[in-house]
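See below for the structure under consideration.
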């Protein structure tokens, strides 16, 4: 390992820019002649749009234009898409309603887009937007997931009877039923996976710009995947052909999935730029982020585990209703299906698994991928089941897990996934030691002396990352392939620009990707620049989500570097006047056993460009190579997290006292950044478990529409974390990387809830386990309380 | 935000004239409630009168048996004042836990008391310590000042100039914070004031800050947390929201009252 190579805790190159306020986010960009868009949003969860009167708005001072869904339709602008086809049990394709960028005929959630007003200034646009008069015919709203499919509920989309988008399943139902029939123990639980609102620090923003001279469009936007945005806007929505559309995603302040999707606002800004002949900027405010960013999670699940007399798990089955909101967002259909059920084997050898999932429309904001996307929901099901089962059987929860761990690899689960590598016991052993599991009893006694209840909870999670083998996801319904591209451009002086299809919105790619280049080409890390987020620079890419940029994005760079080295060796051969095949390249030095002369990487780069030592017939000048990398399998990061907490039964306040995380991410490129990802993920998971939860009332109004009511985790809500690693390198990419971006958020919720149930000695605490909920649970045995 | 005229008077008299003479005038005394509502276009005062440059609204001092705090003193100033610490230590603690650093450096005691948010911290202290709210026109006893949610005895052109706290032999405030906003879900202030034992509760009641007379009677007999055993809020009069229903709030009133007494050095 070099000081800046793979495995070195290099400080992030990009932080100088971010910390000193020199980042360039979409809202920092201002284009000449820029105008401002404000969206008129539905105050109703469900209503028929009878009439929209724009006349007063158009007369408002500084108003440059006002448009509705009818204007988009007249321009034949396509509707927003859901890019993953799911088929129901009966083989029928999912029943997706139309998703116009501006509502047509109906609105389907509070915050739905009714009209856009363009103004000379933001205030002029707001003034004009207030003058848009909308005549609604309010309809009853569907807001409760559990009953949304009932026959008496209002119909949200004509295409989807009983508000049901699909009724999907995976696994062998009969085999599972047989296993349950022969089980000694059956554990049954009902779970709610609470709805979360992403709340990246930077709200979404967009600037649409039309170049009348070239008839081309440019969109500056807060995107995790600018090329996919361009593809959808060109091929499906039809705003411009792909070669006449440039999408730039500059510095982006967090995404967590919510900036993967192609939304109404960005689409409308781009379209409106041509309509008004001016660049059009929209910067979402925090209220809009709450209302109209795609939310996450929101499942209702019944799950059961069958266990034999010896404590061996025989089968698992789960039945889930997944809230998809008022429309299908870009990848909404895949999250509660193929990103969920294939993870229900967890770390365990479970011979039979069956899962059925109903995707359901409600009059709420669309729901899509959010940090972990399906895998936190699966982990919560598995790890709650296992914990409850262990208690029911009377086994130590750690030993019950150990007994059922998968112990040899590769391992084919009954639900698609073939785990390639792992050592689950190694993680568990290390975690038990670091958490001082043996000392728990003494610590519980100390807490009891203070009138507090202490509990410890495990979460042994697995996730499928490095998304994903294109052929595999294609066979499951994905509309795209999920490879990644890279281009390595060596300059004549030996500095390097790497163009990547991955996109950094907090992950630190400018550092980690440069570490790979620094190590492999033997050049200082300062000589490497990472370029991303501009479709005019990077030819194509699939973007960053699903913990894929290390495993897939860096692998593409790795392969491109392979090609650069092959070419550089040819150049070196000519310069050293030795046969190419005798040239070695190590630590930045080209050498050959046929000579005692050597060349540095910059010297060879210069020779490649001046081309004095070889003819055009012998070798092309220049040093620039590209590669596309398509993985052969998902990656399977895993780990064991242990949460230890104290509950004040008088108030229900829960304080996390200790957190131990032992993760297996395979190869670590930058352990400091990995640890940061683990910290952030745990905090988001703790947020889900204890604090966060979107609440709609029965009229479909979002009650938690600001930070006054939606509880984000704060530093004071978590202790200092004990983070450690084990490593079984991933065999399906050249670096052995598994991915770490989502692990904490996947692991944490079950660890917290399991710890609370351990402290209270019973099973029923729903997320978020707020003080009120915990107080109720803590006093359930001693107090007669009204129905919750 | 809608357009407005901004005024920055240098005396209370000038501020009062501006307030009386202006159409839809609002006083700016920290702005933590007013400015967000203006940004959301939920409020649109035509005139904003900023009190931050009026010297006579400043000052924290002990005057005989009283602690006097100028209306425009920030929460941070109160939290870091040696005079407050020496006179009523529990008030230091209260101010230290209002909002966050940013809030404490802008928010003021006068702004908080005048706004009378049902979940604000200061009204509980003002009521429990039997303080006097001094305005440009008169002196108002705490018992006569708070009139329910966001309502006070202040007249339309009346400006709080200072709060006079009689120094209590014991005072403490215990807050159970709303997990999201960190306002008081329930906050209880207990005092052995020169005028007697007083207990004030904020955050909990649908009628705003109130005195818990049953707890006062119990503590009058014996100043200890145990004296409050079995006492709680009246669930039929409590606020109810997603964070805490009335029953939980009523329970927390009892718990926080006991903790406040314990913290007072009982």
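Residue numbers (this note's numbering), protein chains in the order written: chain A, 942 to 1729; chain B, -8 to 257. Ideal Cβ positions, reconstructed from N, Cα and C, are used throughout, including at glycine.
- Looking at the DSSP output, residue 1126 of chain A sits in a beta bridge with A/1248.
- Annotation: Cβ neighbours of residue 1652 of chain A in chain B (cutoff 7 Å, chain order): 170, 171.
- Excluding residues up to 5 positions away in sequence, 1148, 1219, 1220, 1221, 1222 lie with their Cβ nearer than 8 Å to the Cβ of residue 975 of chain A in the same chain.
- By the Cβ neighbour-count rule, residue 1053 of chain A is buried, with 16 or more other Cβ atoms within 10 Å of its own.
- In this structure, residue 1079 of chain A keeps its C-beta atom at 9 Å or more from the C-beta atom of residue 1095 of chain A.
- Within chain A, 1592 have C-beta atoms less than 8 Å from the C-beta of residue 243 of chain B, given in sequence order.
- Relative to the Cα of residue 1667 of chain A, the nearest Cα in the group A/1505, A/1530, A/1365, A/1352 belongs to A/1365.
- Contact check for residue 1395 of chain A and residue 1585 of chain A: beta-carbon distance about 7 Å, within the 8 Å limit, so the pair qualifies.
- Comparing alpha carbon positions, the residue from A/1289, A/1511, A/1406 closest to residue 1492 of chain A is A/1406.
- Contact note: residue 167 of chain B reaches chain A through 1592, using a C-beta cutoff of 7 Å and chain order.
- Under a 10 Å Cβ-count criterion, residue 1340 of chain A is classified as exposed, with fewer than 16 other Cβ atoms of the shown protein chains found around its own Cβ.
- Contact between the segment 1233 to 1245 of chain A and the segment 1107 to 1116 of chain A is absent, with fewer than three C-beta pairs closer than 8 Å.
- Following the DSSP letters along the chain, one finds residue 206 of chain B inside the alpha helix (DSSP H) bounded by residues 204 to 212.
- Contact check for residue 122 of chain B against residue 170 of chain B fails: the beta carbons are separated by 9 Å or more.
- The C-beta of residue 1084 of chain A comes no closer than 9 Å to any C-beta of chain B.
- Within the model, the alpha-carbon separation for residue 1571 of chain A versus residue 1411 of chain A is close to 7 Å.
- Distances from the CA of residue 1578 of chain A to each of A/1672, A/1525, A/1171, A/1640 were compared; the closest alpha carbon is that of A/1672.
- About 7 Å separates the CB atoms of residue 1284 of chain A and residue 1404 of chain A; that is less than 8 Å, so the two are in contact.
- A straight line joining the alpha-carbon of residue 1146 of chain A with that of residue 1233 of chain A spans about 12 Å.
- Taken through DSSP and simplified to helix, strand or coil, residue 1320 of chain A comes out as helix.
- In this structure, DSSP gives residue 1228 of chain A a helical state, which the three-state scheme calls helix.
- Straight-line spacing of the CA atoms in residue 17 of chain B and residue 99 of chain B works out to 15 Å.
- The C-alpha of residue 1480 of chain A lies about 40 Å from the C-alpha of residue 1097 of chain A.
- Judged by their CB atoms, residue 1136 of chain A and residue 1687 of chain A are not nearer to each other than the 9 Å cut-off.
- Counting along the chain, residue 215 of chain B sits inside no alpha helix (DSSP H), nor does DSSP assign it H or E at all.
- Proximity to residue 1305 of chain A across A/1639, A/1705, A/1658 peaks at A/1639, based on C-alpha coordinates.
- With 16 or more neighbouring CB atoms inside 10 Å of its own CB, residue 62 of chain B falls in the buried class.
- Non-local C-beta neighbours of residue 199 of chain B in its own chain, meaning closer than 7 Å and more than five positions away in sequence, comprise 107, 109, 137, 139, 140, ordered along the chain.
- Residues of the segment 1689 to 1716 of chain A whose Cβ lies closer than 9 Å to any Cβ of chain B, in chain order: 1709, 1711, 1712, 1713, 1716.
- About 4 Å separates the beta carbons of residue 1552 of chain A and residue 1562 of chain A, which is inside the 8 Å limit, making them a contact pair.
- In this structure, residue 11 of chain B keeps its C-beta atom at 9 Å or more from the C-beta atom of residue 42 of chain B.
- In the DSSP annotation of this structure, the continuous segment of the beta strand (DSSP E) that includes residue 193 of chain B starts and ends at 187 to 193.
- Looking at the DSSP output, residue 168 of chain B shares a beta bridge with B/175.
- Take the alpha-carbon of residue 1199 of chain A and the one of residue 986 of chain A: they are about 21 Å apart.
- Counting only runs of at least 3 residues, the segment 1273 to 1348 of chain A fully encloses the following beta strand (DSSP E) elements, listed from N- to C-terminal order: 1293 to 1302.
- When CB distances to chain B are screened at a threshold of 8 Å, the residues of the segment 1223 to 1239 of chain A falling below it are 1228, in chain order.
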